[in-house]
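*Asks:* My structure is below; once you've seen it, I'll send some questions.
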Amino acid sequence: MTAATRSGPNLSLAITGAVLAAAIGGIAWAVIVVKSGYEVGFVAWGIGIFAGFMVAFLGKGISVRVQVIAVLSAGVGILIGKYVTFVHELRMAADKVGLDHTFGYIAGDSFRLFRENLGDVFSFHDVLWIGLAIVSAWRIAEMTGERFFRSRPLPPAPSTPTPGQ
Numbered sequence: 017m018t019a020a021t022r023s024g025p026n027l028s029l030a031i032t033g034a035v036l037a038a039a040i041g042g043i044a045w046a047v048i049v050v051k052s053g054y055e056v057g058f059v060a061w062g063i064g065i066f067a068g069f070m071v072a073f074l075g076k077g078i079s080v081r082v083q084v085i086a087v088l089s090a091g092v093g094i095l096i097g098k099y100v101t102f103v104h105e106l107r108m109a110a111d112k113v114g115l116d117h118t119f120g121y122i123a124g125d126s127f128r129l130f131r132e133n134l135g136d137v138f139s140f141h142d143v144l145w146i147g148l149a150i151v152s153a154w155r156i157a158e159m160t161g162e163r164f165f166r167s168r169p170l171p172p173a174p175s176t177p178t179p180g181q
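In the working numbering, the protein residues as written are 17 to 181.
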């Protein structure tokens, strides 16, 4: 009796890669912005590349589902980076004016203010980097899957002679 072979990528591992890529990429971008004082847009593009690789590599394969997971991961990573940066700036501004309210990174007030100010948080310039991140996540997931986990065609079956040959 032979073991059943799995066809296609492992979606649970692909999702694990997506969560890791979004968290690592988003937090790394926020740290870069906070430490440098500049929003380095091309890091968003890097989040897309990282998400595409992580999702396809951990998922061990390629499919449209894996590519969609990579794109969503890139988007969430960028959102995390923007949110953490926003809350950091919000906290700095509150301290500067002597506001007696502490804005937490995981707090209702912070989430609400972020949602209400999305137009200010995301600029037209961001659209370029987000677009590059999404395209890169899609393509890198595809290329990683093809490079490392390309399905190899089965060799042709040996021909059996027909009666009378």
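Cβ atoms here follow ideal geometry from the backbone N, Cα and C, with glycine treated the same way.
Keep in mind that this is a model prediction, so the values were computed, not measured.
Spatial neighbours of Glu-162 within its chain, please: CB distance less than 7 angstroms, with the 5 preceding and 5 following residues excluded, ordered by chain position.
*Replies:* Here the set comprises Ile-78.
*Asks:* Is it the case that the Cβ atoms of Leu-148 and Gly-33 are separated by a distance below 9 angstroms?
*Replies:* Contact flag unset, no.
*Asks:* May I ask which residues mark the beginning and end of the alpha helix (DSSP H) holding Ile-48?
*Replies:* 27–52 is the extent of the alpha helix (DSSP H) around Ile-48.
*Asks:* Kindly indicate which residue of Tyr-54, Ala-153, Thr-160 has the alpha-carbon position closest to the one of Ile-85.
*Replies:* When only C-alpha atoms are compared, the closest one is Ala-153.
*Asks:* Using the three-state DSSP reduction, which class does Val-113 fall into: helix, strand or coil?
*Replies:* Of the three classes helix, strand and coil, the one that applies to Val-113 here is coil, per DSSP.
*Asks:* In this structure, how does DSSP classify Lys-76 when only helix, strand and coil are distinguished?
*Replies:* DSSP places Lys-76 in coil when its eight states are reduced to three.
*Asks:* Could you give the DSSP three-state label for Ser-89: helix, strand or coil?
*Replies:* The answer is helix: DSSP assigns Ser-89 an H, G or I state.
*Asks:* Report yes if the C-beta distance between Ala-157 and Ala-67 is below 9 angstroms; otherwise report no.
*Replies:* In contact: Ala-157 and Ala-67 (Cβ atoms closer than 9 angstroms).
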